[in-house]
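**Q** Structure provided below as structure tokens; questions to follow.
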Amino acid sequence: VATEIKRELGIPFVITFHALGRVRRVYQGKNDSFPDTRFEIEDRTIVAADRIIAECPQDKEDLTHLYQADPRRVTIVPAGYDPQEMQPIDKQAARKHLGISEDERIILQLGRVVPRKGIDTVIHGLARLVRDYNIDACLLVVGCESEAPDPRATLELDRLIQIARKERVASRVNFIGRRQRDVLKYYYSAADVFVSTPWYEPFGITPLEAMACGTPVVGSNVGGIKYSVADGKTGFLVPPKDPDALAARLAELFQDPALLKRFRRQAIQRVKKHFTWEKVARLLAGVYEEVIAETQEEAVTVEKGVALANARLIEDSFDNLLAALAQTRATLTGSIQDFAQILTETLEHGSKIMVAGNGGSAADSQHFAAELTGRFKIARRKALPVISLNADPVLLTAWANDVSYDKVFSRQVEAFGRPGDVLLLISTRGKSKNLVEVCKAAQRRDVTCLALLGKDGGGLASLADRAIVVPSMDTARIQEVQILVLHLLCELIELGLFTRPASRRSQLEGIEKSLNRTIDLLLPMEAVKSNGGMQYSDSKKNGKINKNENRRWESNTGDRRGAGVG
Numbered sequence: 001v002a003t004e005i006k007r008e009l010g011i012p013f014v015i016t017f018h019a020l021g022r023v024r025r026v027y028q029g030k031n032d033s034f035p036d037t038r039f040e041i042e043d044r045t046i047v048a049a050d051r052i053i054a055e056c057p058q059d060k061e062d063l064t065h066l067y068q069a070d071p072r073r074v075t076i077v078p079a080g081y082d083p084q085e086m087q088p089i090d091k092q093a094a095r096k097h098l099g100i101s102e103d104e105r106i107i108l109q110l111g112r113v114v115p116r117k118g119i120d121t122v123i124h125g126l127a128r129l130v131r132d133y134n135i136d137a138c139l140l141v142v143g144c145e146s147e148a149p150d151p152r153a154t155l156e157l158d159r160l161i162q163i164a165r166k167e168r169v170a171s172r173v174n175f176i177g178r179r180q181r182d183v184l185k186y187y188y189s190a191a192d193v194f195v196s197t198p199w200y201e202p203f204g205i206t207p208l209e210a211m212a213c214g215t216p217v218v219g220s221n222v223g224g225i226k227y228s229v230a231d232g233k234t235g236f237l238v239p240p241k242d243p244d245a246l247a248a249r250l251a252e253l254f255q256d257p258a259l260l261k262r263f264r265r266q267a268i269q270r271v272k273k274h275f276t277w278e279k280v281a282r283l284l285a286g287v288y289e290e291v292i293a294e295t296q297e298e299a300v301t302v303e304k305g306v307a308l309a310n311a312r313l314i315e316d317s318f319d320n321l322l323a324a325l326a327q328t329r330a331t332l333t334g335s336i337q338d339f340a341q342i343l344t345e346t347l348e349h350g351s352k353i354m355v356a357g358n359g360g361s362a363a364d365s366q367h368f369a370a371e372l373t374g375r376f377k378i379a380r381r382k383a384l385p386v387i388s389l390n391a392d393p394v395l396l397t398a399w400a401n402d403v404s405y406d407k408v409f410s411r412q413v414e415a416f417g418r419p420g421d422v423l424l425l426i427s428t429r430g431k432s433k434n435l436v437e438v439c440k441a442a443q444r445r446d447v448t449c450l451a452l453l454g455k456d457g458g459g460l461a462s463l464a465d466r467a468i469v470v471p472s473m474d475t476a477r478i479q480e481v482q483i484l485v486l487h488l489l490c491e492l493i494e495l496g497l498f499t500r501p502a503s504r505r506s507q508l509e510g511i512e513k514s515l516n517r518t519i520d521l522l523l524p525m526e527a528v529k530s531n532g533g534m535q536y537s538d539s540k541k542n543g544k545i546n547k548n549e550n551r552r553w554e555s556n557t558g559d560r561r562g563a564g565v566g
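Okay, so the sequence shown: first residue is 1 according to this note's numbering, each after it adds one.
This is the structure in structure tokens:
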């Protein structure tokens, strides 16, 4: 859940694992009931977490070795206890409250009654303490599935009872059953020694609670126990599953009352110093504050990085556009003039221009048609017959639905195309099938096909009667240069049809100077990139263009300015 929230909302998260799946699998093997999907969830969460809380050094080691967690993101914050809940009670008063003999040596085991807790080791150790050291003691086992010990409800209980009988200490082992938390401090305080000998323990809260009540601990040298119990100061650490070592340490404590008393005092001091809720809360708060600070710092860094990346993108885009413009000017100026002459003569002879494209090029085709049917720069001039084949959505969708989108343009050329007309196709790649089809349809009807393309020109570069291929491989830059070419064609067509020759020459020179001056100011010619070393040229076919440089389009009234369109 935290991983998804972070992904969707960008909120950082801190996670604590109280029992790692791979550690469970190592120690429990086939008895581990968790599915393997737990490992995948843990792996994904560890990668996404901003900070991982390890409860002890062993926990951190498991995270870094079994899960490859980044040690820099793992912080040790132990579990803690509430000093108001767990505090020392006078031993005799506690025993009186529980109805326990004041003279007995009491060993306490408290927790879940399951195999991994190693209670069988404690029973075997008790038997060796009695047999090998001649020390009489009683073992209290607190914890079961029910308040009254029931082997049917707690399967491990029956096995432990059988072990106690076999070791001949059944009379010294008292299974208490489950008890409420408010009475646990009496059991901790009543005991002489608390014993916890699991095979493994992620942390283990009961040794902390026992020490908080002033009871020394003999525990397994595993997991969190070897972190919370100070060996030789607040108790002893012994190997798991080693009843002989356990019996030896119990004997040492029972035989040395002064040592037992010192361990009691030091146990209380240690937990108060390191493991109270207040101490743990401060440590956790520090982790959260660090994560928040790191997140804010990272956000500032990311913001600066985004700003720099955006600035670089803008700069690169301008550079690439200027390079494409300069190379277009250097290599295709003549082709643009040829296109303008062909289109001008077509209109001058009373024929029409049809324009088509897909996507952004469709918008360009409608824009080009609007500028010429209406007006580009010359006001009050005569309207020009220029049709965008993209302009009728009803026809386009009907024919695409009923027949094929590949035929939506060719169908219109079959209806409107006449010999002497011109078809102008606009495409960044020159590979669209519907444009290839309409080009073929135009040629069948003796309609000249011009193509304004980009990249390598695709199939249209060789199929069209003439082609201009913008020298760029970037779709956006191609479209930007193409719109300039279309505007130039509009201006040149208007000049050719509606101005006198002398005035036309002057304006043409003005257009060229203006274009050159703009590019020179932005990017000197010598700085133009080679654009990957690609060669660009325009294709030209003879035999279909009737050139007549002496004829001009004049309005019916003789006024070359015509009727303007806003």
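From the three backbone atoms N, C-alpha and C, an ideal C-beta is built for every residue, glycine too.
Where does R560 sit, in a helix, a strand or coil, going by DSSP?
**A** With a pLDDT of only 33 at R560, under 50, the local geometry of the prediction cannot be trusted, and the value read off the model is given with reservation. DSSP places R560 in coil when its eight states are reduced to three.
**Q** Got a sec, what are the start and stop residues for the alpha helix (DSSP H) A476 sits in?
**A** Segment 475–498, the alpha helix (DSSP H) holding A476.
**Q** Is it true that the CB of A49 sits closer than 8 Å to the CB of F13?
**A** Cβ distance < 8 Å, so F13 and A49 count as in contact.
**Q** Buried or exposed for V47, please, with buried defined as at least 16 other CB atoms from any protein chain shown within 10 angstroms of its CB.
**A** It counts as exposed.
**Q** Do N320 and D456 have their beta-carbon atoms positioned less than 8 Å apart in this structure?
**A** Cβ distance not < 8 Å, so D456 and N320 don't count as in contact.
**Q** Kindly indicate which three-state DSSP category S605 falls into: helix, strand or coil?
**A** Since the displayed the chain opens at 1 and closes at 566, residue 605 lies outside it and no answer follows.
**Q** Output the residue ranges of the beta strand (DSSP E) runs that lie fully inside the region 196–267 and measure 3 residues or longer, sorted by chain position.
**A** For the region 196–267, whole beta strand (DSSP E) runs of length 3 or above, ordered along the chain, are 217–220, 235–238.
**Q** CA-CA distance, G177 and Y186?
**A** Between G177 and Y186, the C-alpha separation is close to 15 Å.
**Q** Short of 8 Å in beta carbon distance, which residues of its chain neighbour L259, apart from the five on each side in sequence? Order them along the chain.
**A** The answer, listed in chain order, is E252, L253.
**Q** If you count every other CB in all the chains shown that lies within 10 Å of the CB of V302, and 16 or more means buried, which is it?
**A** Its Cβ having fewer than 16 others within 10 Å, V302 is exposed.
**Q** Could you pull out every residue in the same chain whose Cβ sits closer than 8 Å to the Cβ of V23, ignoring the five residues on either side in sequence?
**A** Here the set comprises D62, L66, Y200, P202.
**Q** So A340 packs on I493, CB below 8 Å; how close in whole Å?
**A** Contact flag correct, Cβ pair sits at about 6 Å.
**Q** Measure the C-alpha to C-alpha separation of F39 and R51 and round it to an integer number of angstroms.
**A** Straight-line Cα distance between these residues: approximately 18 Å.
**Q** What number of angstroms, rounded off, separates the C-alpha of T64 from the C-alpha of E278?
**A** Near 28 Å, if we compare the C-alpha coordinates of E278 and T64.
**Q** On the premise that G125 lies in contact with L208, defined as a C-beta separation below 8 Å, what is that separation, rounded to the nearest angstrom?
**A** Rounded, the Cβ-Cβ distance is 22 Å, inconsistent with contact.
**Q** Have a look at G223 and Q58 and give me their C-alpha separation to the nearest angstrom.
**A** Spanning the two alpha carbons is a distance of roughly 5 Å.
**Q** Mind checking Y227: buried by the 16 CB within 10 Å criterion, or exposed?
**A** Label assigned to Y227: buried.
**Q** Please report the distance separating the alpha-carbon of V386 from that of L372.
**A** Their backbone Cα atoms lie some 7 Å apart in a straight line.
**Q** Bridge partners of L425, per DSSP?
**A** L425 is bridged to A356, A451.
**Q** Counting Cβ pairs closer than 8 Å, one from the region 350–357 and one from the region 413–432, do we hit at least three?
**A** The answer is yes - the region 413–432 touches the region 350–357, with three or more Cβ pairs under 8 Å.
**Q** If you follow the alpha helix (DSSP H) that I387 is in, where does it begin and where does it stop?
**A** Counting along the chain, I387 falls outside any alpha helix (DSSP H), though it belongs to the beta strand (DSSP E) covering 386–388.
**Q** What is the rounded straight-line gap between the Cα of R172 and the Cα of T215?
**A** Distance between the alpha carbons of R172 and T215: 20 Å.
**Q** What residue ranges within the region 389–446 form continuous beta strand (DSSP E) runs of no fewer than 3 residues, ordered along the chain?
**A** List check, beta strand (DSSP E) in window: 422–426.
**Q** For V169 and V193, which I take to be in contact (beta-carbon distance under 8 Å), what is that distance rounded to the nearest angstrom?
**A** About 16 Å separates the two Cβ atoms, so there is no contact after all.
**Q** Classify F275: buried if its beta carbon has 16 or more other beta carbons within 10 angstroms, exposed otherwise.
**A** Buried: at least 16 other Cβ atoms inside 10 Å.
**Q** Do V481 and A324 have their beta-carbon atoms positioned less than 8 Å apart in this structure?
**A** Closer than 8 Å, so yes.
**Q** Alpha carbon to alpha carbon, how far is G10 from I205? Give it in angstroms, no decimals.
**A** Taking the straight line joining both Cα atoms gives about 34 Å.
**Q** Short of 7 Å in beta carbon distance, which residues of its chain neighbour A442, apart from the five on each side in sequence? Order them along the chain.
**A** Contacts found: V413, G417, L423, C449.
**Q** Between the C-alpha atoms of E298 and K272, what's the straight-line distance to the nearest angstrom?
**A** Computed Cα separation, rounded: 37 Å.
**Q** Taking the alpha-carbon positions, what's the S361 to K431 distance?
**A** Approximately 13 Å, taken between the alpha carbons.
**Q** On the DSSP letters alone, give me the boundaries of the alpha helix (DSSP H) that Q92 sits inside.
**A** 91–98 is the span of the alpha helix (DSSP H), which, as asked, contains Q92.
**Q** With DSSP as the reference, label E554 as helix, strand or coil.
**A** Note on E554: pLDDT 34, under 50, position unreliable in the model; the coordinate value appears next. Coil at E554, not helix or strand.
**Q** Using three-state DSSP, classify E87 as helix, strand or coil.
**A** Going by the sequence as given, residue 87 is Gln instead of Glu. Coil, per DSSP.
**Q** Does the beta-carbon of G235 have 16 or more other beta-carbons within 10 angstroms, so that it is buried, or is it exposed?
**A** It is buried - the Cβ of G235 has at least 16 other Cβ atoms within 10 Å.
**Q** Less than 8 Å separating the beta-carbons of L486 and F409?
**A** Not closer than 8 Å, so no.
**Q** Mind checking V403: buried by the 16 CB within 10 Å criterion, or exposed?
**A** By the 10 Å Cβ count, V403 comes out exposed.
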